[in-house]
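Chains A, X, Y and G, in that order, give the protein sequences.
Each residue of the first sequence is one higher than the one before, counting from 33 in the working numbering.
Each residue of the second sequence is one higher than the one before, counting from 33 in the working numbering.
Each residue of the third sequence is one higher than the one before, counting from 33 in the working numbering.
Each residue of the fourth sequence is one higher than the one before, counting from 33 in the working numbering.
Taking it in order: structure first as structure tokens, then the write-up.
4 protein chains.
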Amino acid sequence: MVIVLSPSATEVNINAVVSKVTGVGGQAFVSRGERRTIIGLVGDLDLFEDLNLLAFDGVQRVVRISTPFKLVSRDHHPEKSTVMVGTSRAPIGPRTFTLIAGPCAVETPEQTLAAAQMAKAAGASLLRGGAYKPRSSPYAFQGLGEAGLRILADVRAETGLPIVTEVVDVADVDVVASYADMLQVGTRNAQNFALLQAVGAAGKPVMLKRGMSSTIEEWLMAAEYIAQRGNLEIVLCERGIRTFEKATRNTLDISAVPVVHSLSHLPVVVDPSHSGGRRDLVVPLSRAAIAIGADGIIVDVHPDPATALCDGPQALMAEDLAELTSSIKALAPIAGRTLTAPPA
Amino acid sequence: MVIVLSPSATEVNINAVVSKVTGVGGQAFVSRGERRTIIGLVGDLDLFEDLNLLAFDGVQRVVRISTPFKLVSRDHHPEKSTVMVGTSRAPIGPRTFTLIAGPCAVETPEQTLAAAQMAKAAGASLLRGGAYKPRSSPYAFQGLGEAGLRILADVRAETGLPIVTEVVDVADVDVVASYADMLQVGTRNAQNFALLQAVGAAGKPVMLKRGMSSTIEEWLMAAEYIAQRGNLEIVLCERGIRTFEKATRNTLDISAVPVVHSLSHLPVVVDPSHSGGRRDLVVPLSRAAIAIGADGIIVDVHPDPATALCDGPQALMAEDLAELTSSIKALAPIAGRTLTAPPA
Amino acid sequence: MVIVLSPSATEVNINAVVSKVTGVGGQAFVSRGERRTIIGLVGDLDLFEDLNLLAFDGVQRVVRISTPFKLVSRDHHPEKSTVMVGTSRAPIGPRTFTLIAGPCAVETPEQTLAAAQMAKAAGASLLRGGAYKPRSSPYAFQGLGEAGLRILADVRAETGLPIVTEVVDVADVDVVASYADMLQVGTRNAQNFALLQAVGAAGKPVMLKRGMSSTIEEWLMAAEYIAQRGNLEIVLCERGIRTFEKATRNTLDISAVPVVHSLSHLPVVVDPSHSGGRRDLVVPLSRAAIAIGADGIIVDVHPDPATALCDGPQALMAEDLAELTSSIKALAPIAGRTLTAPPA
Amino acid sequence: MVIVLSPSATEVNINAVVSKVTGVGGQAFVSRGERRTIIGLVGDLDLFEDLNLLAFDGVQRVVRISTPFKLVSRDHHPEKSTVMVGTSRAPIGPRTFTLIAGPCAVETPEQTLAAAQMAKAAGASLLRGGAYKPRSSPYAFQGLGEAGLRILADVRAETGLPIVTEVVDVADVDVVASYADMLQVGTRNAQNFALLQAVGAAGKPVMLKRGMSSTIEEWLMAAEYIAQRGNLEIVLCERGIRTFEKATRNTLDISAVPVVHSLSHLPVVVDPSHSGGRRDLVVPLSRAAIAIGADGIIVDVHPDPATALCDGPQALMAEDLAELTSSIKALAPIAGRTLTAPPA
């Protein structure tokens, strides 16, 4: 941590900072410049943050040097992690490419099964599907709740595909965890810390979507909340950030994949469906995700998008899936990865 | 709602849209242009949204014309609302200017009482103070919890100031509501719909902060979630949005005040402390808020910012409060408002 | 400047940085931490920037501490500047509030004169009006060019109001400067450095609009380009930045007024017309601008907005101007300012 | 174009709009809803825009349906274009993948030749290099000017590589065009319309970078300015947009590649160097660009980044180029493209 003093800071101001820092066991190195003085701190970052040095007289800026996350940091865990999901132990990690697919929302047993079969035929090894849907409007379809989870469980029994499904309320974590193989935390809950802690304690792998306006650092701090509860089975999901561009629903931050891989040992997947919000962009964005080194993708599919109760315009249909599959087959090997096989 | 067809749309495509719309009881007016056709829909917007017309063949764009919120809309409730808080019935509404002040976080009984006395002396009629703190880092101070609520209740007994305090978890709503006079939902929970519904059912007025990347429409939809549970005692709080500018913590969207007033009957207050994140900006931003017609402001104060456990660098001290008070006294009358008086 | 080394940096890496810095006459203070080392540099910032230290082995981050602008910095010129415009010497500075008003575009002599008379009656001491218009579409009205300048000069002769008008091309600087009293550089040219240098050399005061995605630091650097050519008669104009919010054309960054005043001695005015893009927001935003301490505002007026060739929807009409004038009269004294008087 | 009336609009208001539209030869279809009326306009968009209908009484919103660009639109030119550069006729278009590489800035003959040889060895068929540099700071290195152009011409003579170089001032267009094979317009000049028109008239192909806060529509409108001068030899370059994320210099909007391809017939290349601003991201971002279907990339290379006068931290070195080349060789065929061969 570096403390930058204002040009008008006095010796008294400098000494006050130095004493405070040494008082908690830190070291302070003072560099006196022509126009201003800076103080470099050595020691425990958490201790220093509690000192609130920015509020001291004469202090102009406090520059944090280290990253604030620990358990999810690659500094402390240089080897990349692999997260295994479900009884089929579908891996998400550095040597595989994992396709996660399914309907945005579970609507009926028939629609969910049809979508799951489409997904599996296309090479998916995990089934996504929402039973609890966070919707901007209270008048929009909110999901089937536990009835939806039962449908997912039936479809899992039929297809063998482990289930990834969202949980939006701490009160639902137990029931969702009793059905799901992987818990998803959505973009709107990216800083719902109570929910992060609850899924951290639920004993299931977690897919953590990036908040639509989260910096990468904040996203990793959200993962740290989960990790702190003893759960390091976390997969990060880049799903687009909010910008001024209107041609797409969000702006897929494709750079986030290598940036996260450089900072954290956790796997990263990309959601090309929600980032673009347009069916015609899903395959192109998926291709970019594979080539840049994502550990997988998560896509919306629907047997009949025109009747979908949620996000139909971005759902892939059968012909799109064929194109997606052939893209994965061509590109994944070049990225040094093998497609995670669907369950038998 | 207007349906824009692509240049290549056929008569079959047009008829499919028209039949679908008339099938749910709507009317469809077709305008055939030189290059493309548009269809104007008349009827119930919610019905039309469920039709998922964007997924129909030949449909290029669906343009929503009406606002999607109802209970909080000014269309349905032209008169501006006043929200009354606490047993002192402190009003937040169109004829008053209400100062809400207090420590960012409750730390000790002494610090909270001292801050409350500073606030009251400066003209505050409501006390803010956090017992449950949402923090980006799990290693940061998270608040005292119920012990903090008890301190707030004691300080209320001493000063008469009703309490505004944040709730971050559905599980805590009952206990927070049992102490608080007004429940605050913070920026990170702006789309935590389970929490919005829970505070909507808690029987206390709510202060709803804007999400750091929420559009004004999304913010009003979040308020609609609360209103749907039968609670229209909602005050909106503009606290800055996320942009590329680095000189301030967030960018205060001052235009949001008149925009919200034109769209909704709910009161709007401004948080100059969290938007700028700098003590030197609090009074200037407060002046702008009063002059533009905000119904109040909510500011951080601290008897000794250098020891604050949270957001010390933006807390006002005694001398700043004197300047704030004199600004309010000078500007509120010009904005056609009287300062809400502190309790006796 | 602070050099942050990566945890894996070696003594050789550290010495390479230190030698490079001392080689150009600087001083380097090394602070060795538990996990990483930082080096504080003391000396000439420009020299250090040329060293490209970020490309050195072992260097992870270079943190600039000082501001990069000089001539426009308040550090070097603590007293706030006043810029005088035209033969009437209309001041823009710390003790006055200056209303600049006129049509977005000069269309006809009649429309320009009518707008100027409306502006003067409302208290404007300077006339704005565009003869050269930068438009996103090449098919939109681009302005009358020199014919427009002649109209402005005639209206100045009639009303006494000095003229503020935009120049969009280096090739036009001389002709525009031969008519105008103040040259305006628009948001799209905020980093058109050739144009900035040309207006810097033109011998007339300059109004420099903020780029729609410029940080405050970049904006001040653009001003530095003008100042470097010997022209410190610069007025900065905040006109809204680009964000995700759609209710307004841009988001007025009202905090920029006090932030710029803390960093620079130059005056700052606000453009409430182009930031909101809506007539109903112009007066409210103007009120916020006055209260927060802006040195003036620049607004669009039009005798008949429905026929305006440019930005009609945001132009004020006679009744709006009356409201604006009364707001200025009430608020400017509270901000410690007197309204700059129109020419006799 | 669709005109949305406010709920309070009267028959007189509706008729005023209809007469105005029919008066210029358009057709107006009125759809009367329960709560509001909409009017669909059929005819010439440019005519309608000049009517300024948003300023009419009772008009609440004007929704443009068609795209505002014409010459660069794919609607009017369904076949994708190929732009040929230099006497070697290096193609940039739908069947090839073109590598453009070279130093950010031309510094010395030796550095430029070394960088060009590195580029050519890596498979580049075009040489980039700046002689005129737009820099945020007037104190930063601004380029060698015409001396730099002469160096580029010498290096072209030596290597056979056609030259892509930036022009920042209308006054320099002739001299730059006399040396260059392709003129580049940079992000800061994305809406410098005078410069766009001048390069449109210069008789050389143009590389048009996206403005750092331009929407895709604005970017295509900027291309329309060039096209209007009779020059359709335009290549668009996505180079990242400005967002709140701080881990990268800009956020590469990878979705822009397929979005532009769907809207325009012009080729699109990606600049992975300036979007990320970090050497370690250049190869990963290049891989994404190839896989998503970009028509080429433009990258910074430098024989010795530590001494670079501009953007050294993002320049590729020899070992990075080898990795880039092998990525292109593996991925371009999968994207259905062949690498444009360097000149003999």
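From the three backbone atoms N, C-alpha and C, an ideal C-beta is built for every residue, glycine too.
Item: Cut-off 7 Å between Cβ atoms - residues of its own chain near Y/THR283, not counting five sequence neighbours on either side; Value: GLY272, ILE273, THR275 and GLU277
Item: Neighbouring residues, chain A, relative to G/ILE273 (Cβ below 9 Å); Value: THR275, PHE276, GLU277 and THR283
Item: Contact the segment 237 to 248 of chain G vs the segment 244 to 255 of chain X: 3+ CB pairs below 8 Å; Value: no
Item: Run of the alpha helix (DSSP H) containing G/VAL187, from where it starts to where it stops; Value: 178 to 191
Item: Partners in chain A for G/ASP312, counting only beta-carbon separations shorter than 8 Å; Value: PRO290 and SER294
Item: Endpoints, the alpha helix (DSSP H) within which Y/ALA122 is located; Value: Counting along the chain, Y/ALA122 falls outside any alpha helix (DSSP H), though it belongs to the beta strand (DSSP E) covering 122 to 124.
Item: C-alpha distance - G/MET253 paired with Y/PRO194, whole-angstrom precision; Value: 34 Å
Item: Same chain, Cβ closer than 8 Å to Y/LEU184, neighbours up to 5 away in sequence not counted; Value: VAL138, THR144, LEU159, GLY161, ALA163, ILE195, THR197, TYR211 and ALA212
Item: Chain-ordered neighbours of X/GLY325 on chain Y, where CB pairs are closer than 7 Å; Value: PRO316
Item: heavy atom of the ligand FAD below 7 Å from Y/ALA340 C-beta; Value: As far as ligands go, the structure on display features none, and thus does not contain the ligand FAD.
Item: Proximal residues to G/VAL104 (C-beta, below 8 Å), its chain only, five neighbours per side dropped; Value: LEU252, ALA255, GLU256, ALA259, LEU264, ILE266, SER296, HIS297 and LEU298
Item: Those runs of the alpha helix (DSSP H) which lie wholly inside the segment 300 to 345 of chain G and span at least 4 residues; Value: 304 to 308 and 311 to 324
Item: Three-way DSSP call (helix, strand, coil) for X/ILE97 in this model; Value: coil
Item: Alpha-carbon to alpha-carbon, Y/LEU348 and A/ASP343; Value: 42 Å
Item: Y/PHE129 in three-state terms, based on DSSP; Value: strand
Item: Boundaries of the beta strand (DSSP E) in which X/GLN216 is found, first to last residue; Value: 214 to 217
Item: Chain X within 8 Å of A/LEU86, Cβ atoms only; Value: yes
Item: Chain-ordered neighbours of A/SER168 on chain Y, where CB pairs are closer than 8 Å; Value: Within 8 Å Cβ-Cβ: nothing; A/SER168 doesn't reach chain Y, min ~14 Å.
Item: Three-state secondary structure assigned by DSSP to G/GLN174; Value: coil
Item: Inter-residue spacing [alpha-carbon to alpha-carbon] between X/ARG96 and A/VAL91; Value: 51 Å
Item: Reference X/VAL117; option with closest CA among X/PRO39, X/ALA209 and X/TYR171; Value: X/ALA209
Item: Those residues which DSSP pairs with G/GLN59 across a bridge; Value: G/VAL74
Item: Neighbour list for X/PRO39 in chain G, Cβ cutoff strictly below 8 Å; Value: ASP107
Item: Check whether A/ALA60 and A/PHE88 have beta carbons under 8 Å apart; Value: no
Item: Span of the alpha helix (DSSP H) around A/LYS152; Value: 141 to 153
Item: Beta-carbon gap between A/VAL315 and A/SER359 smaller than 8 Å; Value: yes
Item: Cutoff 8 Å: A/PRO337 Cβ touching any chain X Cβ; Value: yes
Item: Y/GLY180 versus Y/ARG167 - alpha carbon distance; Value: 16 Å
Item: Minimum Cβ-Cβ distance from X/SER120 to chain G less than 8 Å; Value: no
Item: Contact list for G/ASN221 against chain Y, beta-carbon separation under 7 Å; Value: ASN224
Item: Interface flag, X/SER245 vs chain D, CB-CB below 8 Å; Value: Although the question refers to chain D, the structure presented lacks it and instead comprises the protein chains A, X, Y and G.
Item: Reference G/CYS136; option with closest CA among G/PRO335, G/GLU351 and G/THR357; Value: G/PRO335
Item: For Y/GLU270, three-class secondary structure by DSSP; Value: strand
Item: N- and C-terminal bounds of the alpha helix (DSSP H) containing X/THR357; Value: 350 to 363
Item: Alpha-carbon to alpha-carbon, A/ASP78 and X/PHE173; Value: 10 Å
Item: Y/LYS361 classed as buried or exposed, judged by whether at least 16 other C-beta atoms fall within 10 angstroms; Value: exposed
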